[in-house]
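K.L.:
Residues in the sequence shown are numbered consecutively from 1, following my numbering.
Just so you know, even glycine gets a beta-carbon here, dropped at the ideal spot from N, CA and C.
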Amino acid sequence: MQFNDQNIIVTGGTRGIGKAIAKNFLELGATVLVTYSGNKAAALEFIAENDEYKDRIFIDCFNVADASACEDFFTRLPFEKVHVLVNNAGIRKDNIVAMMPNEDWQQVLDINLTGTFNMCKAAVMKMSRQRYGRIINITSPCSHFGFAGQANYAASKAGQIGLSRSLSKEVAKRKITVNCVSPGFIGTDLISDLPEKLVDEYKQQIPMKRFGTVNEVANCVSFLASEQASYVTGTVLEVSGGL
Ligand code: NAP
1 MQFNDQNIIV
11 TGGTRGIGKA
21 IAKNFLELGA
31 TVLVTYSGNK
41 AAALEFIAEN
51 DEYKDRIFID
61 CFNVADASAC
71 EDFFTRLPFE
81 KVHVLVNNAG
91 IRKDNIVAMM
101 PNEDWQQVLD
111 INLTGTFNMC
121 KAAVMKMSRQ
131 RYGRIINITS
141 PCSHFGFAGQ
151 ANYAASKAGQ
161 IGLSRSLSKE
171 VAKRKITVNC
181 VSPGFIGTDL
191 ISDLPEKLVD
201 EYKQQIPMKR
211 FGTVNEVANC
221 VSFLASEQAS
231 YVTGTVLEVS
241 GGL
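#1: Within the continuous beta strand (DSSP E) that includes G133, where are the two ends?
#2: Just to confirm, does V199 get its C-beta within under 7 Å of one of the non-hydrogen atoms of ligand 1?
#3: If we call anything under 8 Å between Cβ atoms a contact, is I142 one with K121?
#4: Take R131 and list the residues in its own chain whose beta-carbon comes closer than 6 Å to its own, dropping the five residues that flank it on each side.
#5: I'd like to check one pair, V181 with V221: are the Cβ atoms closer than 8 Å?
#6: Less than 8 Å separating the beta-carbons of V239 and E216?
#7: Decide yes or no for the touch test of the stretch 59–77 against the stretch 96–115: beta carbon pairs closer than 8 Å, at least 3 of them.
#8: Over the uninterrupted beta strand (DSSP E) stretch that includes Y36, give me the two end residues.
#9: On the CB-based measure, 16 or more other CB atoms within 10 Å of its CB, does K54 come out buried or exposed?
#10: Got a sec? Which residues, its chain only, sit under 7 Å from G241 by beta carbon, not counting five neighbours each side?
#11: Is the closest heavy atom of ligand 1 to the C-beta of S230 under 7 Å?
#12: Please determine if the stretch 99–109 and the stretch 192–203 are in contact, where contact requires at least 3 C-beta pairs separated by less than 8 Å.
#13: In three-state DSSP terms, what is M147?
#14: Quick check on DSSP: helix, strand or coil for F46?
#15: Among residues of its own chain, excluding the 5 on either side of N95, which ones have a beta-carbon nearer than 7 Å to its beta-carbon?
#16: Cα separation between K169 and M99?
#17: Relative to the C-alpha of M119, which candidate in K19, G146, V84 and E45 has its C-alpha closest?
#18: Tell me the DSSP bridge mates of E238?
#19: What is the residue span of the beta strand (DSSP E) that D60 lies within?
#20: Does V97 pass the burial test, meaning 16 or more other C-beta atoms within 10 Å, or should it be called exposed?
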């Protein structure tokens, strides 16, 4: 796989899984635009760590949940064509339904699901004109299992799959593919609050008896983003150790 002359956007690309996805694309020759929502220290660290690729890195900061911020972002792109969009930005705000503040329900849906919609909507306009594109949305096994305390997160992640499947059918004839990657437990900031006892319990439930790595997710994203994956659309690729 190689991505020379390709322009790639990775939302939430400065930390965790998104950072590994962005780094992988840089290693494979792409020009990569990573976005984040406010953690400037992590963004600066990303730039410092990838100094050797500095001519092919761009960074932007906005909230994917804000539709007009997403539209504005697409008007100031540093490149004309967008070959690949990875909707990776996401948050968790866990609580049982009975105790979940309405704002936490709404915020998780707004960022994880509406954010994906906002970015897809702007990207497909460009990709349709180009008659080429790859969209990869990062969902979660929670979308079909459901985990206690994650109704908002599970609903947002299931919604991403429905959105992706519908969109894939709308744009297939323009050589645009839309797929999801569904990572299992991956050791990032997002799940760093899980108590050690729960982590051990989860690992016992995973057939491979371990959490995955950010690079194991990034490799699968790169495949779906490649020209070689031209006949794959509307799917969910599970990267979950057999969960
Ligand atoms: P992470 O380490 O917490 O990183 C999240 C990234 O998303 C950060 O770059 C963050 O920007 C950005 N972000 C958060 N809210 C945003 C917003 N409103 N607008 C724009 N960017 C925003 O998370 P992660 O573990 O890498 O997770 C990445 C994706 O994988 C998420 O969609 C998550 O649901 C999914 N996932 C993760 C796991 C796992 O076990 N880790 C499993 C399944 C699925 P700042 O740095 O500015 O905050």
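P.N.:
Let me spell this out:
#1: As a first step, residue 133 is located in the sequence shown; it is residue number 133 there, counting from the start. That run of the beta strand (DSSP E) goes G133 to I138.
#2: Walking along the sequence shown from the start, residue 199 turns up at place 199. Incorrect: V199 has no Cβ contact closer than 7 Å to ligand 1.
#3: Your numbering for residue 142 matches position 142 in the sequence shown. Your numbering for residue 121 matches position 121 in the sequence shown. Reading off the sequence shown, one finds Cys at residue 142, where the question assumed Ile. No, Cβ-Cβ distance for C142 and K121 is not below 8 Å.
#4: Walking along the sequence shown from the start, residue 131 turns up at place 131. Answer for R131: R174 and K175, listed in chain order.
#5: Here residue 221 refers to the residue found at position 221 of the sequence shown. Here residue 181 refers to the residue found at position 181 of the sequence shown. Cβ atoms of V221 and V181: closer than 8 Å.
#6: Residue numbering aside, residue 239 sits at position 239 when the sequence shown is read from its first letter. Residue numbering aside, residue 216 sits at position 216 when the sequence shown is read from its first letter. A contact, by the Cβ cut-off of 8 Å.
#7: yes
#8: Here residue 36 refers to the residue found at position 36 when the sequence shown is read from its first residue. Per DSSP, Y36 belongs to the beta strand (DSSP E) from T31 to Y36.
#9: Locating residue 54 in the sequence shown gives position 54, where the first residue counts as 1. The residue in question, K54, is exposed, as its Cβ has fewer than 16 Cβ neighbours within 10 Å.
#10: Against the sequence shown, residue 241 aligns to sequence position 241. Same-chain partners within the cutoff: G184, I206, P207, M208, R210 and G212.
#11: For the purposes of this step, residue 230 is identified with residue 230 of the sequence shown, where counting begins at 1. Outside the cutoff, so no.
#12: no
#13: What you label residue 147 is simply residue 147 of the sequence shown in a count that begins at 1. Before going on, a small fix: residue 147 reads as Phe here, not Met. Three-state result, F147: coil.
#14: As a position in the sequence shown, residue 46 is number 46, starting the count at 1. Note: F46 maps to helix in three-state DSSP.
#15: Here residue 95 refers to the residue found at position 95 when the sequence shown is read from its first residue. Once the five neighbours on either side are set aside, the close Cβ partners of N95 are D104 and G149.
#16: In the sequence shown, counting from the first residue as 1, residue 169 sits at position 169. In the sequence shown, counting from the first residue as 1, residue 99 sits at position 99. For K169 and M99, the distance between alpha carbons rounds to 38 Å.
#17: The residue labelled residue 119 in the question sits at position 119 within the sequence shown. The option with the nearest alpha carbon to M119 is V84.
#18: To locate residue 238, count along the sequence shown from 1; it is residue 238. Looking at the DSSP assignment, E238 forms a beta bridge with S182.
#19: For the purposes of this step, residue 60 is taken as the residue at position 60 of the sequence shown. Note, D60: beta strand (DSSP E), I57 to C61.
#20: Stepping through the sequence shown from its first residue, residue 97 is reached at position 97. Under this definition V97 is an exposed residue.
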